[in-house]
Amino acid sequence: MSSNMQRQVVPLSRSEKCIIGIGLERQVTLDSGVPAIANYEGKIISINTDKIILSSNEN
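In numbering that gives the first Met the number 0, the protein residues as written are 0 to 58.
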């Protein structure tokens, strides 16, 4: 790979949260078969391979 091409490579080591959504994110999640949809809105506190901890305003 030439040095110019290496300089233009986008680093993929840390992904960033999407700024703009297209409105299909929920449907894509449902269609993926991965059961990781929260019942309430909230903020993600912690994620590991076994569980996702979510802080919500609901009881």
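From the three backbone atoms N, C-alpha and C, an ideal C-beta is built for every residue, glycine too.
Can you tell me the Cβ-Cβ gap for residue i and residue j, rounded? I've got them flagged as a contact below 8 Å.
i, j, result
"residue 31", "residue 42", "Their Cβ separation, rounded to whole angstroms, is 22 Å, which puts residue 31 and residue 42 out of contact at 8 Å."
"residue 28", "residue 36", "6 Å"
| Runs of alpha helix (DSSP H) wholly within the stretch 12-36 (minimum 4 residues, chain order) | 24-31
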